[in-house]
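Undergrad: The opening residue of the sequence shown carries number 0 in numbering that gives the first Met the number 0; numbering runs sequentially from there.
Glycine included, each C-beta is placed from N, C-alpha and C at the ideal position.
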Amino acid sequence: MPPPVTVVITGPTGYIGRHLLIALLRRGYRVIAIARRRHGLLEQRFADVLARLGKEEADRLHVVAGDLTRPLCGVDEESLAGMKRAQGLAFVHGAGLTRFDAHLEDELRRHNLEGARHSWALCRRLGIPEFHHISTAFVAGDHAGVWGEHDLERGQGFRNPYEASKFEAERYLHGVPGNHGPAITIYRPSIVVGGQAVGEGRSTSTVYTFLKTLHFLRECCKRDRAGGRGRLASLGVSLDEDAVHVPMRVAGDPEARINLVSIWQVVDTIVHCIGRSAGGLETRHIIGRDFDLEETRDRFCAGMAVSGIRYVPDHVFEKQPRNPLEERFYRATRVYHPYMHAAPRFDPGRGAGRDYPVDLLKLVGEFKQQMDDAREGAHADNLGGMSMACLGVDSAQHYFERLIRKDFGFDFLRRWRHMDTCIRFSIKGPRGFDRTIRFANESARFTTHEAAVCRYEMNEETFHQITYNRLDPRQAFFKGLVTIDGDKEVGLKFAFFLSDYLRCIDEHVITELSTGPA
């Protein structure tokens, strides 16, 4: 029997990547997966994937440490030599950053544009004949007409830096020498749904952000009622057995349409095309079915047992500002606001593989089950962690930016209002953070010209455990996981206030949800 054919893949722990990885292994390929260490771990990041595979399939997986933001994806020379000996058939570049926040423009370019450049260079270095690049149909930007597979530069603008970075990556690949390198296939899926949509740390994106936010609001309402306080009742919230009524206005056009495609259709198309490249460069759309926002809302709300949500035009909020519930929903989903009014129309193109229909109610059921399965530890379901997960907080930088904007934690800032001080936070790790923050007058802000009276130092994992309420900050200090330099009295006082806030985090989150920031 001949040895299995080798495929190299980036982004194997991402949403599309983990489904593609399983499909390749099940179909007999040997896979070299390039992944970044997370909290010092590498192979452990594949535990969920390996649990779904038989031993023979799992044995065909080889994991290599890398970083797509570095030249040759940060792969060391020893690993490069081994990868070259494997004589791969195809290189699938699926790594990237799917975030729409405007302030992440530089990070998006590093991951999505530079990552494509480094992956292409690595593919050439390894002598692999096929380069498969997973892009997005939303390189169409704000194009008004039907967007086809051969379209790229049509004078379109972009709604966010994510769309722009994916467009720039495609433009780069169109500009590489066509006669002296691997054949290139670019895939443009629309909004991908289905399968295992809840990733590491309960991460989600696109439509799942709305489901996660509905799940969060539902839990807040149920726990408010169970606690006997009923603070959210003043906003019209009511419960009838398991159903929750949340009267909430959402800016959007109910007739606007979004295109949803099954993850299985995306995976099937890519696997079908491996080994079949005709040379040069080709682009394939992977497009599903259009759903209008009214149908999407009705199905999502029915599946989540939530009622009361209605779409209204943007100008309504000029006359009647959002209440605290509406404001929290908006802050969690605002990066998707442009898509709530209009989206490009995509030509389905040639397609490949099977057609997998999207069932919205089934999608909601799968999501709820995965959220239940993702529970970890005694504190996994605290409302503070749910709130930050809805906001996509995945780094110290993002945590403090959200705190400063009062997207969460403003009840803590109220309790810290008598302090006027500057604290420096040094968080060590791949997504490290080292900045000084001024706390005063129930607010916080970054500062560069004021001296810190004390400095907190810890690694990323400890910071994550503290902020998601899985580790008491005072215990972390006494265990040596956190060091405090400078004025330790101020540092320990901050830790005490934070510990006290986190100890009753559900109460504080409900208070924040019912009153809103000052």
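Would you mind giving the Cβ-Cβ distance between Phe166 and Val138, rounded to the nearest angstrom? I have them listed as a contact below 8 Å.
TA: About 4 Å; that satisfies the 8 Å criterion.
Undergrad: Which partner residues does His92 have in the DSSP bridge list?
TA: In DSSP, His92 forms a bridge with Thr9 and His132.
Undergrad: Could you compute how far the alpha carbon of Glu106 sits from the alpha carbon of Asp58?
TA: C-alpha separation (whole angstroms): 34 Å.
Undergrad: Run through DSSP, which three-state label would Arg298 get?
TA: Three-state DSSP puts Arg298 in a helix.
Undergrad: Cα separation between Asp291 and Ser237?
TA: Rounded to the nearest angstrom, the two C-alpha atoms are 28 Å apart.
Undergrad: Could you give the uninterrupted runs of the beta strand (DSSP E) lying entirely in the stretch 210-258, keeping only those of 3 residues or more?
TA: 237-239 and 242-250, all fully within the stretch 210-258.
Undergrad: Under a three-way DSSP split, which group does Gly27 fall into?
TA: It is coil, neither helix nor strand.
Undergrad: I need the straight-line Cα distance from Glu294 to Phe157, nearest angstrom please.
TA: Each residue's Cα considered, the two are about 26 Å apart.
Undergrad: Could you check the C-alpha separation between Val518 and Lys361 for me, to the nearest Å?
TA: As shown, the chain starts at 0 and ends at 517. That puts residue 518 outside it, with no answer to give.
Undergrad: Out of curiosity, what's the CA-to-CA distance linking Met0 and Arg25?
TA: Here Met0 scores only 46 on pLDDT, less than 50, and its place in the model is too uncertain to base an answer on.
Undergrad: The alpha helix (DSSP H) with Ala115 in it runs from where to where?
TA: Taken as a continuous stretch (DSSP letters only), the alpha helix (DSSP H) holding Ala115 covers Gly114 to Leu125.
Undergrad: If you draw a straight line from the alpha carbon of Pro530 to that of Gly144, how long is it in whole angstroms?
TA: Within the shown structure, residues of the chain are numbered from 0 to 517, placing residue 530 beyond reach of any answer.
Undergrad: Could you check how far apart the C-beta atoms of Arg412 and Glu441 are, in whole angstroms? I think they sit under 8 Å.
TA: One detail in the question is off: residue 412 reads as Leu in this sequence, not Arg. About 5 Å; that satisfies the 8 Å criterion.
Undergrad: Let me confirm a value: Asp313 is counted as buried when at least 16 other C-beta atoms fall within 10 Å, else exposed. Which label applies?
TA: Burial call: exposed.
Undergrad: From this set, His102, Ile183 and Pro128, which residue's C-alpha is nearest Ser134's C-alpha?
TA: Of the candidates His102, Ile183 and Pro128, the one whose C-alpha sits nearest the C-alpha of Ser134 is Ile183.
Undergrad: Kindly identify the DSSP beta-bridge partner or partners of Met339.
TA: Answer is none; Met339 lacks a bridge partner.
Undergrad: Starting from Ala443, follow the beta strand (DSSP E) in both directions and report where the run begins and ends.
TA: Its beta strand (DSSP E) spans residues Ser442 to Thr446.
Undergrad: Can you tell me the Cβ-Cβ gap for Leu41 and Ala64, rounded? I've got them flagged as a contact below 8 Å.
TA: Indeed, because the Cβ distance is near 5 Å, the residues count as touching under 8 Å.
Undergrad: Within the chosen definition, does the stretch 81-99 reach the stretch 159-174 through at least 3 CB pairs nearer than 8 Å?
TA: Output reads yes: the stretch 159-174 touches the stretch 81-99.
Undergrad: Determine the direct distance from the alpha carbon of Ser425 to that of Glu240, and round the result to whole angstroms.
TA: The straight-line gap from Cα to Cα measures roughly 47 Å.
Undergrad: Please report the straight-line C-alpha distance between Gly274 and Cys389, rounded to a whole angstrom.
TA: One C-alpha to the other measures close to 40 Å.
Undergrad: If you draw a straight line from the alpha carbon of Asp66 to that of Leu234, how long is it in whole angstroms?
TA: If you take the alpha carbons of Asp66 and Leu234, they lie about 47 Å apart.
Undergrad: In three-state DSSP terms, what is His378?
TA: For His378, the predicted structure reports a pLDDT of 43, less than 50, and the residue's modelled location is therefore unreliable. A value from the coordinates is still provided. If DSSP states are grouped into helix, strand and coil, His378 belongs with coil.
Undergrad: For Ile509 and Cys453, I'd like the C-alpha separation in whole angstroms.
TA: Roughly 31 Å separates the two Cα atoms.
Undergrad: Let me see if you follow: with CB-CB separation under 8 Å, is Ile190 close to chain D or not?
TA: The displayed structure is made up of one protein chain only, and chain D is not part of it.
Undergrad: Just to confirm, are Cys219 and Leu512 a CB contact at a threshold of 8 Å?
TA: Yes. Within cutoff.
Undergrad: Does the structure place the stretch 329-341 close enough to the stretch 117-128 that three or more beta carbon pairs sit under 8 Å?
TA: No: the two stretches stay apart, fewer than three of their Cβ pairs being nearer than 8 Å.
Undergrad: Let me make sure I understand the geometry here. Which of Asp433, Thr420, Arg414 and His417 has the alpha-carbon closest to that of Tyr398?
TA: Residue Asp433 is the option with its Cα nearest to Tyr398.
Undergrad: Which residue comes first and which comes last in the alpha helix (DSSP H) that contains Tyr455?
TA: Not the alpha helix (DSSP H): Tyr455 falls in the beta strand (DSSP E), residues Cys453 to Asn458.
Undergrad: Going by C-alpha to C-alpha distance, which of Arg296, His117 and Gly13 sits closest to Met339?
TA: With distances taken between Cα atoms, Met339 lies closest to Arg296.
Undergrad: Looking at C-alpha atoms only, which residue of Glu326, Gly227 and Asp354 is the closest neighbour of Ile285?
TA: Among Glu326, Gly227 and Asp354, the Cα nearest to that of Ile285 is on Asp354.
Undergrad: Taking just the CA atoms, how far does Val489 sit from Val305?
TA: About 44 Å.
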